[in-house]
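J.:
Chains as they are written, first to last, in my numbering: chain A, 1 to 112; chain B, 113 to 660; chain C, 661 to 891.
(1) What would DSSP say about residue 850(C), mapped onto helix, strand or coil?
(2) Residue 228(B) versus chain C: which residues are under 7 Å apart at the beta carbon?
(3) Hey, how far is the Cα of residue 663(C) from the Cα of residue 319(B)?
(4) Out of 316(B), 154(B) and 135(B), which has the shortest C-alpha to C-alpha gap to residue 209(B)?
(5) When DSSP labels each residue in this structure, what does residue 159(B) get in the three-state scheme?
(6) Return the first residue and the last residue of the alpha helix (DSSP H) that residue 435(B) is part of.
(7) Indicate the three-state DSSP secondary structure (helix, strand or coil) for residue 614(B) in the structure shown.
(8) Would you decide whether residue 584(B) is buried or exposed? Buried here means 16 or more other CB atoms lie within 10 Å of its CB.
(9) In the DSSP output, which residue or residues are listed as bridge partners for residue 503(B)?
(10) Going along chain A, which residues have a C-beta under 7 Å from residue 892(C)?
(11) Residue 720(C) and residue 814(C): beta carbons closer than 8 Å?
(12) Nearest CA to the CA of residue 226(B): which residue from 651(B), 648(B), 641(B) and 649(B)?
(13) Within 8 Å (strictly less), CB to CB, does residue 527(B) reach chain C?
(14) Closest to residue 281(B) by CA distance: which of 304(B), 251(B) and 442(B) is it?
(15) I'd like the list of long-range same chain contacts for residue 92(B), defined as Cβ closer than 7 Å, with 5 residues on each side in sequence excluded.
(16) Decide if the region 466 to 476 of chain B is in contact with the region 388 to 398 of chain B; the criterion is three or more beta carbon pairs, one per stretch, under 8 Å apart.
(17) Would the region 259 to 273 of chain B count as touching the region 349 to 365 of chain B if we require 3 or more Cβ pairs under 8 Å?
(18) Residue 884(C) to residue 211(B), Cα distance in whole Å?
(19) Suppose you measure from the CA of residue 23(A) to the CA of residue 837(C); what does that come to, to the nearest Å?
(20) Does chain B have any CB closer than 8 Å to the CB of residue 706(C)?
(21) Give me the Cα-Cα distance between residue 452(B) and residue 629(B), rounded to the nearest whole angstrom.
(22) Would you please verify whether the beta carbon of residue 88(A) is less than 8 Å from any beta carbon of chain B?
(23) Is residue 339(B) close to chain C? Criterion is C-beta to C-beta, closer than 8 Å.
(24) Looking only at DSSP bridge pairs, what is residue 536(B) linked to?
(25) Examine the Cβ distances between the region 745 to 758 of chain C and the region 789 to 804 of chain C and report whether three or more of them are shorter than 8 Å.
(26) I need the boundaries of the alpha helix (DSSP H) containing residue 202(B), first residue and last residue.
(27) Pull up the distance between the alpha-carbon of residue 723(C) and that of residue 816(C), whole angstroms please.
(28) Express the C-alpha separation of residue 613(B) and residue 631(B) in angstroms, rounding to a whole number.
(29) Cβ of residue 601(B) within 8 Å of Cβ of residue 523(B)?
(30) Do you know offhand how far residue 667(C)'s Cα is from residue 132(B)'s?
(31) Just the chain B side, please: which residues come within less than 8 Å of residue 810(C) by C-beta, in chain order?
(32) Three or more beta-carbon pairs under 8 Å between the region 287 to 306 of chain B and the region 685 to 692 of chain C, yes or no?
(33) Hey, out of 288(B), 348(B), 222(B) and 464(B), whose CA is closest to residue 797(C)'s CA?
(34) Using the beta-carbon of each residue, which ones in chain F are nearer than 7 Å to residue 304(B)?
(35) Quick check on residue 278(B): does DSSP put it in helix, strand or coil?
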């Protein structure tokens, strides 16, 4: 927390920006950009909105570096949970390629 | 550590009864149950945690009795409940809170020169939350028990088990918040309330470990909370995100479960490592070798511990590629632990070593933790884990770390700080005897289990092939010796409250701010907040005096 | 307990374990941030599971998403953002020592939060119930969903669990705001002491941020296209 008093007009400006971004993201949802691009657009706008709330409504812009580190740390570990879990879920059906010595075994097997 | 308090002159201390301290300042029950004093809360935890330890131990006794006979003594369904209750109680209600909630609560403010933790009322709340969680779990025990294993794997736990899954899951969920609040309190306190001059690199290594442990509390516990919450919902609603009928993946449950539960094992060992640094330095009268390495390795363990959870899932059908990544990372996490063992051993070298009970526990820890850690490498290696998973090798591995490591460190710490906490000395002869009984009993119990696992005996089975009986009987015999070893300190600690010799402020001649206060300390810890100008463990006459 | 180390008078809100009010404020805010990290991991576990299943069952999740009432979702998003503004303004009012404004903004925050919950429960969830879209409460798989219908209940499990957990946090926040309203009415907060407002503000903004992510993830990425190529 800081003793810095965020000016009223900053709050109002951020509020207007958030309203605009909400309208934007809702509008874009009705336009077909392809499933991936629509998802990326929606998430990007969400991240921008979240950043506005964090930096200005939650005063993080005026907070000590420790606060910023704590927030980044939290999201980082969440990202680890999601990334490593997806690394399993999405590669479950990949088959390992057989190379090298292990190729010998079916070869020998078929010969003898 | 230098301090502005005038030290008490040895031999002229006031007997503790005639001086007001945190124990005698108010004797009413209300003053204990509504206390804000971190030291009293530590004692409240000590009593509850000791109780839960013996409850969990009771289930272990029943298990080892069953395993004397290859055909077992109880029905398999009952045995399933025994190992589940043993695991749930020992993990969540003993090991996870043990050192942090007792020694941590008592010592963190004292070691950093503060009057209390940052949030004393939240500290008290965390104890009540622990009690409520324990009550739910005890209800689950007495109303039929849980048979899913402490791991609560779906879909058995969500759909097929007829045991008291929901009360047990609710109990663990609630107690998780106790850990979260403790971790939160420690992190804020250590960041914001250190005494003047107490920079990060002058902190006792116990504080570094408590800090690293708290980071894991904060980041990991909420994930098991949501996982158990979802499990409970699914059991209640008969539909949920782990339900295979609508595409649910049981392995997703395991990912979410182990994301916490692997770091949880570091929650269970890091505080013990912190105690180790304090014991080894005090009883070698020497500065720790490689302070910075030990401090950073605590943080490294905390961070890397979040990257390895899949090694619990090598044989579940997890992707081979994910398994490869988790295997490599699991080797990495062994490195900081090894660094600590090397540093403690180097600290002993040319130290002025004495063999009081705390040091016996510390020396035991070094040997047993090393064995447990090395056997972990067999399990980190994907190829060997395929054979060893689900066998007694795993059981032996984690008991070497948790019992040979964590519990011995906990006992060593209790013995070391007992004079400070109670103002009394315990009988050192009995204490050393008990330490040896525990060491012998422990090895007799768990070393045969390495052999059994290697030979292929599965874990969580009520019966086993007859050729394994000799080793099982050895293990059960060892368990009875171990049990005796645990009861002896219970007796003399309670005895010492009334009959133990009065302890001075620093019976061990140890360094640390906590030893500059009277034993037991006054409620506000320090008359004046000390100003710190020295490094930690500033024992005289060492070759390390030029650098920390 | 008397604090012997402090030699000058401290305000009545001072707690003895701290050195001074500044350390107390600092610790309090930092503590709330640490708590919010635990909330990030708590909700994050659910979000993570949602992401996993969405990548496995994309067609089913898109079907489910299109069945949500996006008008209510968007309206609620605006309401929640407005409530964040009023929450921030209540702290501003404490800074400038205007007690009545504090009370007004806190009351507005509660009102907006209440409207959010009312719209969600009375309109969205009630309609979902009548349309047989609540898993475990008469869910009916519709034939027009085809093969993907098998996993549509999974989407709705997430929808109700995630918005339900979010609503639970809002209800808790509502309760805390009620307590703060009473304290503000009694003039407890002023430019030298407003820590509970600040902490509650952080909590409320966090709940807003959760919704900022929930809204697009649940309502907007199901391919409800009106403009552009067919879906």
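Positions of the beta carbon are idealized from the N, C-alpha and C atoms, including for glycine.
T.: So, from the listed chains and residues:
(1) Residue state, collapsed to three classes: strand.
(2) By Cβ distance, chain C contributes 677.
(3) Low confidence applies here, because residue 663(C) scores a pLDDT of 45, under 50, leaving its location unreliable; read the following figure in that light. Distance between the alpha carbons of residue 663(C) and residue 319(B) is about 25 Å.
(4) Checking every option, the nearest Cα to that of residue 209(B) belongs to 154(B).
(5) In this structure, DSSP gives residue 159(B) a helical state, which the three-state scheme calls helix.
(6) Annotation for residue 435(B): the continuous alpha helix (DSSP H) segment containing it runs 432 to 460.
(7) Here residue 614(B) carries a strand assignment [DSSP, helix/strand/coil].
(8) Flag for residue 584(B) reads buried.
(9) Partner(s): 570(B).
(10) Residue 892(C) falls outside the range modelled here, since chain C spans only 661 to 891, and no answer is possible.
(11) Taking 8 Å as the Cβ cut-off, residue 720(C) and residue 814(C) qualify as a contacting pair.
(12) By alpha-carbon distance to residue 226(B), the top candidate from 651(B), 648(B), 641(B) and 649(B) is 641(B).
(13) Interface criterion not met: the Cβ of residue 527(B) is under 8 Å from no Cβ in chain C.
(14) Ranking 304(B), 251(B) and 442(B) by CA distance to the CA of residue 281(B) puts 251(B) first.
(15) Outside the displayed range of chain B (113 to 660) lies residue 92(B), so it cannot be described from this structure.
(16) These segments touch.
(17) Yes: the two stretches touch, three or more of their Cβ pairs being nearer than 8 Å.
(18) If you draw a straight line from the Cα of residue 884(C) to the Cα of residue 211(B), it comes to about 54 Å.
(19) CA-CA distance, residue 23(A) to residue 837(C), rounds to 28 Å.
(20) Interface residue, yes.
(21) For residue 452(B) and residue 629(B), the distance between alpha carbons rounds to 29 Å.
(22) In terms of beta-carbon proximity, residue 88(A) lines the interface with chain B, with at least one pair separated by less than 8 Å.
(23) Chain C contact via Cβ: present.
(24) The partner list for residue 536(B) (beta bridge, DSSP) reads 614(B).
(25) Contact between the region 745 to 758 of chain C and the region 789 to 804 of chain C is absent, because fewer than three Cβ pairs lie under 8 Å.
(26) Here residue 202(B) belongs to no alpha helix (DSSP H), and DSSP marks it neither H nor E.
(27) For residue 723(C) and residue 816(C), the distance between alpha carbons rounds to 10 Å.
(28) Roughly 12 Å between the two C-alpha positions.
(29) Taking 8 Å as the Cβ cut-off, residue 601(B) and residue 523(B) qualify as a contacting pair.
(30) The predicted model places residue 667(C) with a pLDDT of 49, which falls under 50 and marks its position as unreliable, so this point remains unresolved.
(31) Per Cβ cutoff of 8 Å: 358 and 359.
(32) Yes: the two stretches touch, three or more of their Cβ pairs being nearer than 8 Å.
(33) Of the candidates 288(B), 348(B), 222(B) and 464(B), the one whose C-alpha sits nearest the C-alpha of residue 797(C) is 348(B).
(34) Absent from the structure is chain F; the protein chains it does hold are A, B and C.
(35) Reduced to three states, the DSSP call for residue 278(B) is helix.
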